[in-house]
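Numbering (the working numbering), first residue to last: 20 to 421.
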């Protein structure tokens, strides 16, 4: 008997393992009324779900608080997505919540999540299928209700940003029976008209009010449309299947109009800036061309035959002047040199010696006699003096003994 006895911990662990292996218990939706709701200082939320048949302990840990979009309180009817498991220490099973939504939207939320997952797996949300929104459009198509804040906001912003853009409204049902088909018809109609871009949306509301934009036929019409589509459904916090499929999501209809219609004032300012820059560059270009033209004119004048002749004449005159100057310099130098030579020659001239009282002696053949040893008694000599000459006979010879 004792070998079949288990500890409390073993039993609790076994039961917890049973819950863990049960696929249904790992992801389950449970609805009920909230009671004993306590917000712990740690951030965890402890509460009880109850209905007329029973109660279930539940906890939403602080790390999962993103799954709660409202302030939960006692008396709220909610749908909780989570898993059932056992808290081994106390031996109690409880619901570990991941997401909590108010009841009424619960079934729609499940349908939303299922369709979202299906379309995502089909690739309808992929970025490579998104069409770029044209920067400058002429026609804007709008699929929305003909009355309400959405169409007024879009038209007001469109006309303020660019009054030259034509807006074409397809008055569609955006809520209730037949709304999805009306939206699809509007997309097809504006596509046939060939608008440049399309806004599909409506103002805010509950999940039930916005449900037409979560229908598969609307998602497929947006995905297959050849015209780029901007979704603008509800407020910034509202997200629909249309937002995932559209080429661009706008948080509000007003934002969609700003994304679709370019501000003509910005374009005019850009044009003005470009014009000023173009004028500046043209002025600079003209100034450079003017300077080049003036340079070409100067070059042409310099290269003209008349200018070349004048240039050659001037060069010839300059060369002649330089030649004359060089000749004068050479003549002056030669004259000076001649004077030097004349001075030297004058210093060596016999006539100069004669004028100083000296005499020049030559024999009868005219050869100068400078050596007494060449003379003999009886020779005749010619004595040249300053103002004449005399013919003499050698009567005697004396030799200088020094």
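All residues carry an ideal CB built from backbone N, CA and C; glycine is no exception.
All of these numbers come straight from a predicted model, not from anything done at the bench.
Spatial neighbours of residue i in its chain, beta-carbon cut-off 7 Å, leaving aside the 5 residues before and after
i           : result
residue 31  : 105, 107, 110
residue 271 : 251, 254, 255
residue 320 : 326
residue 144 : 138, 263, 264
residue 415 : 396
residue 220 : 163, 169, 250, 251, 252, 272, 275
residue 394 : 388, 413, 416
residue 103 : 38, 44, 47, 112, 114
residue 33  : none
residue 35  : 104, 105, 107
residue 20  : Per-residue confidence for residue 20 stands at a pLDDT of 48, beneath the threshold of 50, marking its modelled position as unreliable; no derived number is given.
Residue i and residue j closer than 7 Å at C-beta
i           : j           : result
residue 152 : residue 267 : yes
residue 210 : residue 244 : yes
residue 97  : residue 121 : yes
residue 167 : residue 189 : no
residue 63  : residue 89  : no
residue 65  : residue 53  : no
residue 51  : residue 70  : yes
residue 208 : residue 201 : no
residue 199 : residue 173 : no
residue 155 : residue 281 : yes
residue 413 : residue 396 : yes
residue 381 : residue 401 : yes
residue 159 : residue 279 : yes
residue 378 : residue 404 : yes
Start-to-end residues for the beta strand (DSSP E) that takes in residue i
i           : result
residue 50  : 47 to 58
residue 401 : 399 to 404
residue 118 : 111 to 121
residue 79  : 73 to 79
residue 70  : 64 to 70
residue 217 : 216 to 221
residue 190 : 185 to 190
residue 83  : Looking at the DSSP string, residue 83 is not in any beta strand (DSSP E), and its letter there is neither H nor E.
residue 232 : No beta strand (DSSP E) holds residue 232; DSSP gives it neither H nor E.
residue 412 : 407 to 412
Nearest-angstrom Cβ-Cβ length linking residue i and residue j, presumed shorter than 8 Å
i           : j           : result
residue 252 : residue 138 : That pair is no contact at about 16 Å.
residue 170 : residue 161 : 7 Å
residue 226 : residue 127 : 5 Å
residue 248 : residue 241 : 5 Å
residue 194 : residue 157 : The pair is not a contact, with the Cβ atoms about 31 Å apart (cut-off 8 Å).
residue 238 : residue 260 : 5 Å
residue 203 : residue 246 : Wrong, their Cβ atoms sit about 14 Å apart, outside the cutoff.
residue 283 : residue 180 : 7 Å
residue 119 : residue 91  : 6 Å
residue 399 : residue 383 : 6 Å
Buried or exposed (CB count within 10 angstroms, at least 16 for buried), residue i
i           : result
residue 286 : exposed
residue 165 : exposed
residue 234 : buried
residue 275 : buried
residue 24  : exposed
residue 292 : exposed
residue 212 : exposed
residue 288 : exposed
residue 29  : exposed
residue 214 : buried
residue 231 : buried
residue 229 : buried
residue 419 : exposed
residue 422 : Outside the displayed range of the chain (20 to 421) lies residue 422, so it cannot be described from this structure.
Limits of the unbroken alpha helix (DSSP H) element including residue i
i           : result
residue 207 : 198 to 212
residue 262 : 260 to 264
residue 156 : That residue, residue 156, is in no alpha helix (DSSP H); it is neither H nor E in DSSP.
residue 35  : 27 to 40
residue 235 : 235 to 243
residue 274 : 272 to 279
residue 174 : 168 to 180
Cutoff 6 Å; reference residue i; Cβ partners in own chain excluding five residues on either side
i           : result
residue 117 : 83, 86, 100, 101
residue 75  : 68, 114
Close beta carbons around residue i, own chain, < 8 Å, minus the five adjacent residues each side
i           : result
residue 349 : none
residue 417 : 391
residue 385 : 401
residue 149 : 266, 267
residue 358 : none
residue 322 : none
Residue i beta carbon near the ligand PLP (any heavy atom closer than 6 Å)
i           : result
residue 141 : This structure does not include the ligand PLP; it has no bound ligands of any sort.
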